[in-house]
Structure formats: structure tokens, C-alpha cells
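FYI, in our numbering the residues of the sequence shown are 3 to 538.
Below is one structure, written out as C-alpha cells; comments come after it.
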Amino acid sequence: MPVNDPSPRSGTLVAGGGLASIVTALELLESGQHVTVLERGAALGGLAGQAFGGMHLVDSPLQRRMRIRDTHALALADWHQFAEYDDDDHWPRAWAERYVTRCVPDIYEWLRRHHVRFMPAVLWAERGWHRPGNSVPRYHVVWGTGQHLTAALLAALGTHRHADRLKVLTGHRVIGLDRSNGRVSGCHGERADGTAFSLAAEQVVIAGGGITGNLERVRRHWPAAWGAPPQTMLNGSMPEADGHLHDVVAGLGGRLTHLDWMWNYAAGVHHPQARFPGHGLSLIPCRSALWMDARGQRIGPEPLVTGFDTRHLVERVAQVGAPHTWQLLNRRIAVRELAVSGSDHNVEMRDRRLFSFLLRSLAGNAPLTDRMCRECSDFVVADTLPALADGMNRLVGDRAVDAGVLESQIRAYDDQIRRGPRYHNDDQLRRIEQLRRWPGDRVRTCAYQPILDRRAGPLIAIRTFVVTRKSLGGIQTDLDSRALDDSGQPIPGLYAVGEAAGFGGGGYSGRRSLEGTCLSGCILTGRRAAQAIAGR
């Protein structure tokens, strides 16, 4: 039998310690509620502290300042087209509408009250490939990345006027939920030292993240239309995001939906400072690099270009059917375009060093390029194509890449560039032309840079893998963040927020995100759950 904690039954238990949990706790304190947060790790923050910090916002003050004309109707139409909902996706649609209409007051303005600011430039992500995406720029980036966002909200928790009503228990893994009189009434689990615990509460909020830290589970739910999952995948989430609490909720009759909706990335590399086996980093692929298959053949007939449809990139890479792909570029391209998603590799932004950040934006990020070439095992650097091909083959342990094939592929692309924009007949060059029309992308995209330009060397080949990140499906919830059963009725005393709930409704983004809807979804669902619990 579990050993009971000495705490009396009262208030709300929040299972999980990431951003959605922090927001839920903060909002509960604001209503004078008692709350206990259970985190299996050593500290609160979860994946949000490592995130880049982008948020999808509609008709924001920053958009209006940049003269970006956005409306709720336009944004919702974009969302629905990109989402590809199923016919019966009532709750995902309802949450999407709430997000679009409430994201500025409930997310942007709320964060500003907690001393979180955004960069003044709004970026344009997920423009759409075969179906329309964002019609206008909507990607707002937190100044200080996800690390500052998390720190600011944790500071607000610690200094809250009702901080004495908050209990944080780290090293506590929730194994199961308890019920009494037809209602969820607490939980039980195991502490880090192996001893058991049991806690009672008025209600329980599930905030334990998604499933993408469990690669076996990712493979089990891999979209059937994409064929077999890649032989090698990297974990860009965290092992704690294993889906265990999803199973616990399902065991109580809760409804899990759309676990095959996942926000993975197509250009992952091994983390140079891995925190666990298979730890991956997600590159923001260089637009001017050529994306090749494992043999050094350019993937086509449509080339792969980032910034338009991330899900489409992952699907295309998966359908190549190879254990890895390659990106071919040179140092000049890398310095201008190479980026790594997350706070650890965006130091100037993370540490809010304005002058250094502006310098990097204008001059390029040579330190990041040199660091990745030096530290990451998936980067191959050489002065000539034969030496590059040899290095690629040595890294993989085969002879799949032929220097002559590489040269023919690259020269055909470079020759188009040298003939001038009037003669560009390559869709990658057309996409670069489109990207460079927006100032936020222009500063980070080369102006038609040939790869075999000797002045731009050395040459770089990057071995890339699919890397997991976030779950877009999960526990189905209503607009009060109450977990629903298979008949669509709320399970008394049980709520789900953030990634555990597919960021709202069991999958409010649909099959693909317009980008920036995950951190903000944690805020929206966490606040709503707490308000519903408090009767607001």
C-alpha cells in the first residue's frame, strides 16, 4: 500500500512540472486556491525552458506596428485549412476558435503583465506548400527565449501573495489516479528514493506532456500514409514525455485522440552535449542548402525548402526510406542561414544581449557555425568535393556517396544561379525569391549563393535525421479543460492541459501547426483549467 503524505486533502493536484503546470498553478493562486505540483524530475520548467520561445499571435500590437493587416477571420481560415481536421473534430475546432480570438488578451497581454516581452520583428513561418498556411506573419518570439519565459513565471509563483498556498514536490512520479464516489480524488506514485506516496485532492490536473519522448510510442503511432517510420530517429523532446499519464487517463475511461498527430522535424542532428541516449537537436535547415538522400542524390522532383510546411518536410523525408539524409552547403551559407532551435544555441537572444544579437543578425552567426562543425558528429567539412564525399562515407561507414554524382547535382543548381534570376527555373530558387521579400527572412537568407563558390568555402555536409518534438494529439478536453470520457462526458475531478491535452481539445492544431501554437497553448489551457476550477 502507498504511504500517505501528511498533507490533508484540499485544493488541486497538478501532475507534471512544465509550462502548462506553472501557468495552472499561478492562475489557481490568483484565485486564492491551494495547489500542489508534482514533478518527477528535480526542477520545474520541462521542455519550455529549452525552447526557442515562438508564439503564434493574431492581430497583435506588434503586427499592427509593422503594418501587418491580420484579422481573426483570416487567421481562423488559415488555421482550418492547414489543420486538415476530421469531420467529428468538434473540440479541436472549438479550441482553435478560442485561441484565435483570445490569444492577445489571454496570452500576449497576460505575459506582459508578468514582465515577458517579445522581439519587435514578427516572423513569417509555415506559409504553406500544397495548401495555404499563414497568410501573413504571426510568429512572435519571446525576448530571452523559453528560458526567460519560464524563469519569469517561476519568479511570479515564488513571489505571489498566496505563495504559502503552493506546495511543489519534485522527485515525485505519478503512477496512478485515485477515485472515490465516482470522482477523481487524488493520485499515488513513487518518490525518487523509491518510497511510495499518496495524495488526496479536490481535483487533479494532468500536465505531464506528450508522447514524443518515447520513440517506441512514436513509431507505434506513426502516420500510416507515410510508410514505415525512419530506421533512426532522434529524441528532441525528453524521456519523461513517455505517455504514461495518457494511459492512466485512458484506464479511467478518458478519451485519447489523434496520437498520430505529432510535430516532429526533418533536420535533426545528434546533440553534442547529449543529456540522454539518442538526444537530438533540431536544425532550422538552410534555405540555400541542397537536401540530398543517403546516396547524394537531390531529393525531388520538388526540392525541400524549410519555412513553408514542416509536416510536409517530415513526410517527404520519411518516404525517402533511407536512415538519414544530407544537406550540402558551404560556410558562407551556414554563417548566414544556419540556426538551431532552442535556447541553448541562441545565446545572445537567450541572455538578452541586444547589441550582440543585432550584430549576429546582420553579420551572420559564425560562432554557431564553427561550434557545430567542431562539436557535432553529423557535420562533415572539406575543401573539395572528393574530400567531402570521402568524409561523408567515412561517417556512415559505407561508399554510398559518389563525388561525381554530387558534383553533377550541385553544378546544375549553381549554373542556374550564375545565369541570373531571369533564368531561374528551379523551385528552390523561386522559394528563396519569395522568402527574401519579407525583411525578417531576407536578413537570414543568402541572395542566390552558389555552393561550389571557392570564396565561400569550405564545403559542409550535414547528416540529418527525423527528430521528435511535440505531440499535437492527446487527452480530449472541453473548453473548460475537463477531461472527457468516450461518451463525451467530463470525468469528474479530472482536467488536462498543455501538450497532454493536445494543447486543447485533444488536438487543436490539427495535423500540422501554424508554428508557435505550443507554448502559447500551454498558457491558454492552463489558465482556463484554473479559472474553471475556481468557478471563474
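Built from N, CA and C at the ideal position, the CB exists for glycine as well.
In the DSSP assignment, G178 is bridged to H190.
N348 sits in coil when the DSSP states are folded into three classes, being neither helix nor strand. Residue pairing from DSSP places P492 in a beta bridge opposite L486. Considered as a whole, the segment 220-288 harbours 246-253 as its complete alpha helix (DSSP H) runs of no fewer than 4 residues, in chain order. Taking all protein chains in view, the Cβ of E41 is crowded by 16 or more other Cβ atoms within 10 Å, so the residue is classified as buried. Around P452, the same chain offers D416, I419 and R420 as residues with beta carbons nearer than 7 Å, after the five sequence neighbours per side are excluded. By the neighbour-count criterion, in which 16 or more other beta carbons inside 10 Å mark a residue as buried, S358 falls on the exposed side. Listed in chain order, the alpha helix (DSSP H) elements of length 4 or more contained wholly in the segment 407-452 are 429-437 and 441-444.
At a Cβ-Cβ threshold of 8 Å, R471 and S290 do not count as neighbours. In this structure, V144 lies away from I70, with their beta-carbon atoms at least 8 Å apart. Judged by DSSP secondary structure, Y101 falls within the alpha helix (DSSP H) whose first and last residues are H92 to C105.
One alpha carbon belongs to Y425, the other to A53, and they sit about 40 Å apart. Look at R465 here: in three-state DSSP terms it is strand.
Residue pairing by DSSP places I525 opposite no residue, since no beta bridge is assigned to it. With contacts defined as CB atoms closer than 8 Å, A98 and W81 qualify as a contacting pair. H117 and H162 have their C-alpha atoms spaced approximately 14 Å apart. H190 places its beta carbon less than 8 Å from that of D180. Distance from the CA atom of V102 to the CA atom of L171, rounded to whole angstroms, is 35 Å. The segment 18-37 makes contact with the segment 528-537, as at least three CB pairs between them are under 8 Å. Sequence-distant partners of H74 (beyond 5 residues in either direction) whose C-beta falls short of 7 Å from its own C-beta, in its chain, are V60, D61, V102 and T103. Counting only residues of its own chain and dropping the five nearest sequence neighbours on each side, A402 has a CB closer than 6 Å to the CB of A296 and R297. Contact check for P460 against N332 passes: the beta carbons are separated by less than 8 Å. Counting other Cβ atoms within 10 Å of its Cβ, T147 reaches 16 or more and is therefore classed as buried. Our two residues, L292 and A389, have alpha carbons roughly 18 Å apart in a direct line. Counting along the chain, G148 sits inside the alpha helix (DSSP H) bounded by residues T147 to G160.
Excluding five sequence positions before and after G245, the CB atoms of its chain that fall closer than 6 Å to its own CB belong to I213, N216 and R219, given in chain order.
Judged by DSSP in its simplified three-state form, G506 adopts coil rather than helix or strand.
Assigned with DSSP and collapsed to three states, W126 falls in coil, not helix or strand. Counting only residues of its own chain and dropping the five nearest sequence neighbours on each side, Q299 has a CB closer than 8 Å to the CB of V407 and Q411. According to DSSP, residue pairing for R300 in a beta bridge involves M294. Distances from the alpha-carbon of C378 to those of P94, G282 and L64 put G282 closest. Between the alpha carbons of R221 and V398 lies a distance of about 23 Å. Note on H58: 16 or more other CB atoms within 10 angstroms of its CB, so buried under the neighbour-count rule. One alpha carbon belongs to A503, the other to Q83, and they sit about 21 Å apart. Secondary structure note for N367: it is in no alpha helix (DSSP H), with a DSSP letter that is neither H nor E. Taking every protein chain shown into account, the CB of R334 has 16 or more other CB atoms within 10 angstroms, so this residue is buried.
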